[in-house]
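S.K.:
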Amino acid sequence: MTRIRAAVCTAFGDPLRIEDLDLAAPEGREVEVTLEACAICHSDITYAEGRWGGPLPAVYGHEAAGHVTATGPDTVGVSIGDRVIVTLIRSCGACASCATGQPYICYTAKRTAPLTRPDGTAVFQAMNCGAFADKVVVDPSQIARVPDEMPLDVASLLSCGVITGVGAVVNAGRVRAGEDVVVIGAGGVGLNAIQGARIAGARRIVAVDMVPEKLEDARAFGATDGILASEDKPWERLADLTGRLADVVLVTVGHTGAYDQAPRYIGPNGRLVMVGMPGNDRMSSYAPDMIASYGQSLIGTKMGDTVLARDIPWMCDLYLQGRLKLDELISNRWPLDRINEAIADTKAGRARRNVIMF
Ligand SMILES: N[C@@H](CCC(=O)N[C@@H](CSCO)C(=O)NCC(=O)O)C(=O)O
1 MTRIRAAVCT
11 AFGDPLRIED
21 LDLAAPEGRE
31 VEVTLEACAI
41 CHSDITYAEG
51 RWGGPLPAVY
61 GHEAAGHVTA
71 TGPDTVGVSI
81 GDRVIVTLIR
91 SCGACASCAT
101 GQPYICYTAK
111 RTAPLTRPDG
121 TAVFQAMNCG
131 AFADKVVVDP
141 SQIARVPDEM
151 PLDVASLLSC
161 GVITGVGAVV
171 NAGRVRAGED
181 VVVIGAGGVG
191 LNAIQGARIA
201 GARRIVAVDM
211 VPEKLEDARA
221 FGATDGILAS
231 EDKPWERLAD
241 LTGRLADVVL
251 VTVGHTGAYD
261 QAPRYIGPNG
271 RLVMVGMPGN
281 DRMSSYAPDM
291 IASYGQSLIG
301 TKMGDTVLAR
311 DIPWMCDLYL
321 QGRLKLDELI
331 SNRWPLDRIN
341 EAIADTKAGR
351 ARRNVIMF
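Counting from 1, position 268 in the sequence shown corresponds to residue 268 in full-length UniProt numbering; the numbering is continuous, with no gaps.
(1) Let's test the definition: count the other Cβ atoms within 10 Å of the Cβ of ARG83 and tell me whether it reaches 16, buried, or not, exposed.
(2) How many Å lie between ILE184 and MET274 at the Cα?
(3) Assuming ILE299 is part of the beta strand (DSSP E), what are its boundary residues?
(4) Based on the DSSP secondary-structure assignment, which residues constitute the bridge partners of TRP334?
(5) Within 7 Å of any Cβ in chain B, is that where the Cβ of ILE40 sits?
(6) Label THR306 either buried or exposed according to how many other C-beta atoms from any shown protein chain fall within 10 Å of its C-beta, with 16 as the threshold for buried.
(7) Whose C-alpha, out of VAL31, ILE105 and VAL166, is nearest the C-alpha of ARG198?
(8) Report, in whole angstroms, the separation of the C-beta atoms of ARG29 and PRO140, which I expect to be a contact under 8 Å.
(9) Is the distance from the Cβ of PHE221 to the Cβ of LEU191 below 7 Å?
(10) Which ranges does the alpha helix (DSSP H) cover as unbroken runs of at least 4 residues, wholly within the region 94–177, from first to last along the chain?
(11) Tell me whether LEU88, by its Cβ, gets closer than 6 Å to a heavy atom of ligand 1.
(12) In the DSSP output, what is GLU32 paired with across the bridge?
(13) Along the beta strand (DSSP E) that carries ASN280, what are the first and last residues, could you check?
(14) Would you kindly check if the distance between the Cβ of VAL86 and the Cβ of VAL33 is under 7 Å?
(15) Closest to GLY254 by CA distance: which of ASN269, GLY276, TYR265 and GLY267 is it?
(16) Check this for me: beta carbons of ALA39 and VAL248, under 7 Å apart or not?
(17) Could you spell out the range, first to last residue, of the beta strand (DSSP E) harbouring GLU19?
(18) Are the beta-carbon atoms belonging to VAL182 and TYR265 less than 7 Å from one another?
(19) Given 6 Å as the limit, tell me if CYS41 has its C-beta closer than that to any heavy atom belonging to ligand 1.
(20) With distance defined between alpha-carbon atoms, name the residue in MET315, GLY279, ALA207 and GLN142 nearest to LEU250.
(21) Is MET315 near ligand 1, in the sense that its beta carbon is under 6 Å from a heavy atom of that ligand?
(22) What do you reckon, is the C-beta of MET274 under 6 Å from a heavy atom of ligand 1?
(23) At the level of alpha carbons, what is the spacing between GLU231 and ASP209?
(24) Take GLY130 as the anchor and find which of ALA113, ASP119 and LEU228 has the nearest alpha-carbon.
(25) Between TRP235 and the rest of its own chain, which residues show a CB-CB distance below 7 Å, the 5 nearest in sequence each way excluded?
Next comes the structure, spelled out in structure tokens:
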């Protein structure tokens, strides 16, 4: 058992409270990772506001990186000192999802409960991580090694926003060279979808956002064009710009309004890739006859359909070659004590990624 400092949610919607907690020692194959950085993702905010439910008290945070400081008695292939990212993708390796190459939708992996208050009260390790804390204990399936040349604050972004955006394009959307791509939302995930489309060789990459400055950001990450979502019938601008509808449309924000509009941008045989996750029970509507008669597909994706052992090495290489922008994604670094200010800044839509440094 180790004493850690963590940001704890005690009531949905309230500021997180910095508390000392006890973290159990790693059991079985588990590993303890001392964190250097954890970025704030909109999913942390959705949980902290109660829009996805879940037990309380809880520690959120799931986009992290650090180095391994302890291993369980049965851990294999991981050494103390390894520099790793920590993700929420916990996979058992044996269920139907894992056996068919989809560890990102394994829902059978054993849940651990390593967190307690000093008085013994259980604290929920949200999203399998609880990484708004200076240390975590996680399953080894959740970690991936990163090269020594890669700073860990930058590496932390790979744990969610980058793999979700790039993976949605490459793994889920299967964008091919020469296809036209629309990315709705140019925030922390959308910018990565945009650079994923650039890496995949898309012809036109059209960013759609409510905020003009975000369309400028989008261009820096590879967008060829931008459409202001606040315009009347913004989808009509697509044909003006490119002369055709899109092959692939990605919704990267958790807004049902964006999902309602998305099919308007898709051409015959096109794919709608659903990435952003609205709160529970939020609905969108579609015209099924159009989707059927134009042979279109709706594709849901969690964590960019990422297989860590396959995808993290190539993304690290692309970063080191200067082809995957990561440094540019970090807006600010914050100490854990100021996490509520960092969350407010993320909620205000000002930041690409705010990173908590331990
Ligand atoms: N509506 C769902 C929760 C949505 C969901 O799947 N959230 C993801 C976080 S997205 C990462 O940015 C998740 O992995 N949640 C935790 C988990 O699956 O263990 C619901 O009702 O739960």
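Note that beta-carbon positions come from the ideal geometry of N, C-alpha and C, so glycine has one too.
None of these values were measured; they are calculated from a predicted model.
M.R.: Quick answer:
(1) buried
(2) Straight-line Cα distance between these residues: approximately 10 Å.
(3) 297–300 is the extent of the beta strand (DSSP E) around ILE299.
(4) Answer is ILE356.
(5) The displayed structure is made up of one protein chain only, and chain B is not part of it.
(6) By the neighbour-count rule (16 or more Cβ atoms within 10 Å), THR306 is buried.
(7) VAL166
(8) 5 Å
(9) Taking 7 Å as the Cβ cut-off, PHE221 and LEU191 qualify as a contacting pair.
(10) 96–99, 152–156 and 161–167
(11) Yes.
(12) ALA70 and VAL137
(13) Segment: none, ASN280 is in no beta strand (DSSP E) and carries neither H nor E.
(14) yes
(15) GLY276
(16) In terms of Cβ geometry, ALA39 and VAL248 do not form a close pair [threshold 7 Å].
(17) Looking at the DSSP string, the run of the beta strand (DSSP E) that includes GLU19 is 17–23.
(18) yes
(19) yes
(20) ALA207
(21) MET315: no, Cβ never under 6 Å from ligand 1.
(22) False, no ligand heavy atom lies under 6 Å from that Cβ.
(23) Between the alpha carbons of GLU231 and ASP209 lies a gap of roughly 10 Å.
(24) ALA113
(25) GLN261, ARG264 and TYR265
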